[in-house]
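Protein chains in written order, with the numbering used here: chain A, 16 to 197; chain B, 26 to 162; chain C, 12 to 362.
Heads up: the structure comes next, in structure tokens.
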Amino acid sequence: MTDPAKTEDEGGPIRFMPQLISLDYTVRTNPVAEAFGAALADGRITGHQCPNCHLVYAPPKGFCPICTIETTAEHEVPVADTGMVTSWTVLTPIQYTGQRERHDYALASILLEGADGTVGQQRLLEIPLDEIRLGLKVAAVWAPPNQREADDRGYGLGTAVDGWRPTGEPDAPAADYREHTL
Amino acid sequence: MELLYRRSLGPVVGAFLTGLRDQHVLASRTGAGRVICPPLEYDPESGDAVSDLVEVASSGAVTGWTWVSEPLRKHPFDHPFAWVLVQLDGADTSMLHALDASDMAAVSTGMRVQIRWAEERTGHITDIACFEPEALA
Amino acid sequence: MRDVAIVSFAQSGSLVDIAASETQMLLPVINAAVERSGIARADIGFTCSGSADYLAGTPFAFVANLEAVGAWPPISESHVDMDGAWALYEAWVRLQHGDVDVALAFSSGISSRSDLREVLCLQNDPYYLMPLWADHISLAALQARALIDAGLATEGDFAEVVARSRRSASTNPFAQLSGDVTVESLLAEPYTAAPLRAADCPPITDGAAAVILVAGDLAREVCERPAWIRGIDHRSEAHYPGLRDLTRAGSARLAGEQAGVGTAPVEVAELSACFSHEELLLSTALGLGDDTEVNPSGGSLASNPMMVSGLIRIGEAFRQINENGRHRTLGHAASGPCLQQNLVCVLEGDS
Numbered sequence: 016m017t018d019p020a021k022t023e024d025e026g027g028p029i030r031f032m033p034q035l036i037s038l039d040y041t042v043r044t045n046p047v048a049e050a051f052g053a054a055l056a057d058g059r060i061t062g063h064q065c066p067n068c069h070l071v072y073a074p075p076k077g078f079c080p081i082c083t084i085e086t087t088a089e090h091e092v093p094v095a096d097t098g099m100v101t102s103w104t105v106l107t108p109i110q111y112t113g114q115r116e117r118h119d120y121a122l123a124s125i126l127l128e129g130a131d132g133t134v135g136q137q138r139l140l141e142i143p144l145d146e147i148r149l150g151l152k153v154a155a156v157w158a159p160p161n162q163r164e165a166d167d168r169g170y171g172l173g174t175a176v177d178g179w180r181p182t183g184e185p186d187a188p189a190a191d192y193r194e195h196t197l
Numbered sequence: 026m027e028l029l030y031r032r033s034l035g036p037v038v039g040a041f042l043t044g045l046r047d048q049h050v051l052a053s054r055t056g057a058g059r060v061i062c063p064p065l066e067y068d069p070e071s072g073d074a075v076s077d078l079v080e081v082a083s084s085g086a087v088t089g090w091t092w093v094s095e096p097l098r099k100h101p102f103d104h105p106f107a108w109v110l111v112q113l114d115g116a117d118t119s120m121l122h123a124l125d126a127s128d129m130a131a132v133s134t135g136m137r138v139q140i141r142w143a144e145e146r147t148g149h150i151t152d153i154a155c156f157e158p159e160a161l162a
Numbered sequence: 012m013r014d015v016a017i018v019s020f021a022q023s024g025s026l027v028d029i030a031a032s033e034t035q036m037l038l039p040v041i042n043a044a045v046e047r048s049g050i051a052r053a054d055i056g057f058t059c060s061g062s063a064d065y066l067a068g069t070p071f072a073f074v075a076n077l078e079a080v081g082a083w084p085p086i087s088e089s090h091v092d093m094d095g096a097w098a099l100y101e102a103w104v105r106l107q108h109g110d111v112d113v114a115l116a117f118s119s120g121i122s123s124r125s126d127l128r129e130v131l132c133l134q135n136d137p138y139y140l141m142p143l144w145a146d147h148i149s150l151a152a153l154q155a156r157a158l159i160d161a162g163l164a165t166e167g168d169f170a171e172v173v174a175r176s177r178r179s180a181s182t183n184p185f186a187q188l189s190g191d192v193t194v195e196s197l198l199a200e201p202y203t204a205a206p207l208r209a210a211d212c213p214p215i216t217d218g219a220a221a222v223i224l225v226a227g228d229l230a231r232e233v234c235e236r237p238a239w240i241r242g243i244d245h246r247s248e249a250h251y252p253g254l255r256d257l258t259r260a261g262s263a264r265l266a267g268e269q270a271g272v273g274t275a276p277v278e279v280a281e282l283s284a285c286f287s288h289e290e291l292l293l294s295t296a297l298g299l300g301d302d303t304e305v306n307p308s309g310g311s312l313a314s315n316p317m318m319v320s321g322l323i324r325i326g327e328a329f330r331q332i333n334e335n336g337r338h339r340t341l342g343h344a345a346s347g348p349c350l351q352q353n354l355v356c357v358l359e360g361d362s
């Protein structure tokens with residue numbers, strides 16, 4: 016990698032300048048994400064069910080993006096901590112500064128039972144990488160209760176779930192995940 | 026959030042910043058003869074490319090100012106200071122930088138100021154540490 | 012040119028330090044604009060949004076914001092990293108193509124999660140200005156000083172703009188700052204960046220707004236009093252303040268001329284004057300006289316959601332025609348330090 020701080024050849028003309036941009040942000044957790052995070056801390060996954068199209072969003076967004084109507088706590092429904100793999104990838108961690116991963120690992124999109132959309136970027140555990148497949152049935156491996164930090168913006172499951180392990184049930188048929196493979 | 030970039034400078038901005046490192050102030054001269062400092066690669070009036078660089082003085086006159094009584098943490102000073110527009114002698118436009126002055130009453134449009142050079146210069150606009158009243162010299 | 016009119020406008024009002032996500036903030040605003048237009052959502056042929064992810068520090072927030080428009084079926088859309096007034100401009104250009112008749116322009120901004128005086132430094136050139144962290148309030152103060160030095164205005168003039176804005180804002184339920192303040196009390200306040208005081212500068216506001224544009228006869232079918240866009244133009248001038256004559260808003264003058272401001276009287280002008288002295292500069296640049304009412308909403312000094320304030324000005328100019336029976340109004344938006352870039356939109360009602 017080019018050293019961003021390098022600006023010149025010794026004593027010669029300056030051809031580059033470093034520019035450091037640093038900004039501080041306050042992160043506000045919206046009320047929907049906050050309620051979702053509280054449920055996660057409690058070992059529960061929740062979603063919002065659109066009263067119009069009845070699709071269940073987990074994590075909840077506070078609205079249905081298809082019907083463009085708001086959803087609130089009254090539309091909250093429980094979602095299981097079990098589901099199926101609808102997509103996955105194996106990552107080989109590049110050892111850049113700050114990288115904490117050392118070995119190849121898999122992230123998957125998981126369609127939870129009771130939800131109509133997948134949860135992305137979920138770690139797969141207790142399975143050899145070459146045995147991962149679409150339709151694989153999995154269950155959450157919850158983090159210890161005091162380590163379940165919700166995502167600030169309610170995008171995923173935060174650190175509430177360490178990952179997902181195979182349940183040993185038969186794989187789901189393709190018809191069950193075909194609409195969710197992307 | 027923090028990101029560090031490495032920006033390429035090109036022949037005009039690069040020459041200007043190289044000049045600052047060596048304690049010279051370069052300006053660009055447009056086809057119409059307008060001397061622009063800090064220099065631009067183009068004539069802001071016509072859009073024509075400009076490559077003619079000339080040296081201007083390291084002192085000049087304040088053409089505009091504002092007094093900052095409570096500096097932000099990223100401002101050049103942690104004590105009250107002025108932002109000034111300074112038309113360096115030989116230039117037709119003004120350069121924006123900080124002015125180290127004792128108080129607001131010490132700043133006025135038209136006052137004479139000079140560059141205070143940074144001790145360590147790396148080819149950056151902050152090689153000019155700030156302006157200071159010329160009388161202090 | 013195709014005749015294009017604004018037929019509906021909605022805004023969130025001045026939200027302060029909101030916890031909601033940008034998408035959650037936008038959803039009811041877009042819904043309101045669509046409902047008021049009387050046009051089915053499916054009939055919107057083009058959508059353009061304006062926002063800046065730097066404000067709230069959420070990467071790709073502008074993509075997530077599209078969920079507030081409706082995620083399915085897919086739509087034709089675009090985004091500008093500018094005030095929503097420029098999204099409206101792009102939508103107007105798109106309608107000129109002739110193949111779509113309805114467009115949605117919306118914008119949103121959450122300024123409360125960062126320090127605007129730092130974030131807005133990123134709009135400055137990266138070589139000469141940005142490394143100094145010369146913030147937008149300080150740069151505005153240089154322009155205010157230039158007016159004073161040239162004998163074109165006094166601090167008392169600035170305070171009078173503030174007092175009138177606050178007073179006008181009293182009847183605007185969407186304003187953040189309103190009420191009666193005297194020039195004397197304003198002048199007794201300390202400077203933020205002399206000669207500007209806190210009241211000369213805009214408040215920190217979160218918010219969103221949306222506008223529906225319709226071309227041709229359809230506008231009259233769906234709206235009793237559409238506001239026709241009779242002229243719209245945006246111009247920019249040199250970025251570096253030291254290159255410019257700061258006593259003039261040159262690009263605002265050009266945009267006003269191109270939009271035809273001076274061809275007939277303007278009853279109401281909603282100006283995106285974020286700083287008190289900018290209203291004086293803009294009124295001069297646009298040739299507005301005493302017969303023009305400026306910022307009856309209170310303007311950006313009373314409420315200033317970043318990326319939204321300019322679109323609100325056009326929305327308010329629309330309301331003056333649509334609700335208050337005015338005939339000819341204008342909305343103005345600005346971008347960049349010291350009024351570097353300006354957009355002027357002239358609206359007319361049917362006679």
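We put the beta carbon where it would ideally sit given N, CA and C, even for glycine.
At the 7 Å Cβ level, is TRP144 (chain C) part of the contact set with chain B, yes or no? TRP144 (chain C) belongs to the set of residues whose beta carbon lies under 7 Å from a beta carbon in chain B.
As a quick exercise: from B:ALA154, B:GLY115 and B:GLY85, pick the residue whose alpha carbon is nearest that of ALA160 (chain B). That would be B:GLY85, whose Cα lies nearest to the Cα of ALA160 (chain B).
Excluding five sequence neighbours on each side, which residues of the same chain lie with their C-beta closer than 8 Å to the C-beta of ALA328 (chain C)? Once the five neighbours on either side are set aside, the close Cβ partners of ALA328 (chain C) are ALA238, VAL279, ALA280, GLU281, THR340, LEU341, GLY342, CYS356 and LEU358.
Taking only the alpha-carbon atoms, compute the straight-line gap between PRO75 (chain A) and GLY62 (chain A) and give it to the nearest angstrom. C-alpha separation (whole angstroms): 5 Å.
Buried versus exposed call for MET12 (chain C) [16 or more other C-beta atoms within 10 Å across all chains shown]: By the neighbour-count rule (16 or more Cβ atoms within 10 Å), MET12 (chain C) is not buried but exposed.
How long is the line joining the alpha carbons of GLU80 (chain B) and PRO63 (chain B), rounded to whole angstroms? Taking the straight line joining both Cα atoms gives about 11 Å.
Whose C-beta lies closer than 6 Å to the C-beta of ASP131 (chain A) among residues of the same chain, with five residues either side of it excluded? Excluding its 5 nearest sequence neighbours in each direction, ASP131 (chain A) has C-beta neighbours in its own chain below 6 Å: LEU70 and VAL71, listed in chain order.
How about GLN34 (chain A): is its C-beta nearer than 7 Å to some C-beta of chain C? Yes, its Cβ sits closer than 7 Å to a Cβ of chain C.
Using the Cα positions of MET16 (chain A) and CYS132 (chain C), report the straight-line distance between them to the nearest angstrom. Residue confidence is low: MET16 (chain A) scores 46 on pLDDT, short of 50, so the model does not pin down where it sits. Its coordinate-derived value is still stated next. Computed Cα separation, rounded: 27 Å.
Counting only beta-carbon atoms, is GLU27 (chain B) nearer than 7 Å to chain A? Answer yes: the Cβ-Cβ gap between GLU27 (chain B) and chain A drops below 7 Å somewhere.
Tell me the start and end of each unbroken alpha helix (DSSP H) in the segment 106–160 of chain C that is at least 4 residues and wholly inside, in chain order. The qualifying runs are 127–130 and 147–160.
Strictly below 9 Å CB to CB, what residues from chain A border ALA40 (chain B)? For ALA40 (chain B), the chain A residues whose Cβ falls inside 9 Å of its Cβ are PRO28 and ILE29, in order along the chain.
Got a sec? Which residues, its chain only, sit under 6 Å from TYR135 (chain A) by beta carbon, not counting five neighbours each side? Going by the sequence as given, residue 135 (chain A) is Gly instead of Tyr. Counting only Cβ-Cβ distances below 6 Å, and skipping sequence neighbours, we find SER124.
Assuming contact is defined by CB atoms lying nearer than 7 Å, are LEU369 (chain C) and CYS285 (chain C) in contact in what I supplied? Outside the shown range of chain C (12 to 362) lies residue 369 (chain C), about which nothing can therefore be said.
Can you name the residues that DSSP bridges to PRO160 (chain A)? PRO160 (chain A) is not bridged to any residue.
Which chain A residues are close to SER33 (chain B), counting only those with a beta carbon under 9 Å from its beta carbon? SER33 (chain B) reaches chain A at ARG30, PHE31 and MET32, counting residues in chain order whose Cβ is nearer than 9 Å.
Secondary structure at TRP142 (chain B), three-state DSSP: helix, strand or coil? In the structure shown, the three-state DSSP call for TRP142 (chain B) is strand.
Nearest-angstrom beta carbon gap, ALA344 (chain C) and GLY321 (chain C) [assumed within contact, 8 Å]: With a beta-carbon spacing of about 2 Å, GLY321 (chain C) and ALA344 (chain C) fall inside the 8 Å limit used to define contacts.
Report the neighbours of ALA152 (chain C) on chain B: residues whose CB is nearer than 7 Å to its CB, in chain order. In chain order: THR91.
Classification of ILE223 (chain C) by the beta-carbon crowding that lies within 10 angstroms, buried from 16 upward: Label assigned to ILE223 (chain C): buried.
At a Cβ threshold of 7 Å, is HIS149 (chain B) touching chain A? Chain A, which has a Cβ nearer than 7 Å to the Cβ of HIS149 (chain B), makes this yes.
Between the Cα of LEU198 (chain C) and those of C:ASP217, C:PHE169 and C:ALA72, spot the shortest distance and give me the residue it belongs to. Distances from the alpha-carbon of LEU198 (chain C) to those of C:ASP217, C:PHE169 and C:ALA72 put C:PHE169 closest.
Less than 7 Å between the C-beta atoms of SER365 (chain C) and ALA275 (chain C), yes or no? Look at the range of chain C in this structure, 12 to 362, and you will see that residue 365 (chain C) is not part of it.
Alpha carbon of PRO186 (chain C) to alpha carbon of ALA313 (chain C), nearest angstrom: The sequence shown places Ala at residue 186 (chain C), rather than the Pro named in the question. C-alpha separation (whole angstroms): 6 Å.
Length of the line joining the Cα atoms of VAL94 (chain A) and GLY81 (chain C): Counting only the Cα atoms, GLY81 (chain C) lies some 24 Å from VAL94 (chain A).
Looking at ALA210 (chain C) and VAL173 (chain C), is the spacing between their C-beta atoms short of 7 Å? It is a contact, given that the beta carbons lie within the stated cut-off.
Is there contact here, the segment 100–112 of chain C with the segment 122–129 of chain C, by at least three beta-carbon pairs under 8 Å? Output reads no: the segment 122–129 of chain C does not touch the segment 100–112 of chain C.
Just to confirm the assignment, what range does the alpha helix (DSSP H) spanning SER294 (chain C) have? Here the alpha helix (DSSP H) through SER294 (chain C) covers 287–296.
Are the C-beta atoms of TYR138 (chain C) and some chain B residue less than 7 Å apart? Closer than 7 Å: yes.
Cβ contact check for the segment 49–60 of chain B and the segment 113–121 of chain B: 3 or more pairs under 8 Å: The answer is yes - the segment 113–121 of chain B touches the segment 49–60 of chain B, with three or more Cβ pairs under 8 Å.
For GLN351 (chain C) versus HIS245 (chain C), is the C-beta distance shorter than 7 Å? In this structure, the beta-carbon distance from GLN351 (chain C) to HIS245 (chain C) does not fall below 7 Å.
To which residues of the same chain is ALA187 (chain A) closer than 7 Å at the C-beta, ignoring the five residues directly before and after it? For ALA187 (chain A), where only same-chain residues beyond five positions count, the Cβ hits under 7 Å are MET99, GLY150 and LYS152.
At the 7 Å Cβ level, is SER37 (chain A) part of the contact set with chain B, yes or no? Interface residue (Cβ-Cβ distance to chain B less than 7 Å): SER37 (chain A) is classified as such.
Is the CB of ALA30 (chain C) under 7 Å away from at least one CB in chain A? Interface with chain A (7 Å Cβ-Cβ cutoff): ALA30 (chain C) is included.
When the Cα atoms are used, what is the spatial distance from SER127 (chain B) to PHE106 (chain B)? If you take the alpha carbons of SER127 (chain B) and PHE106 (chain B), they lie about 8 Å apart.
Assigned exposure category for GLY190 (chain C) - 16 Cβ within 10 Å defines buried: That one is exposed.
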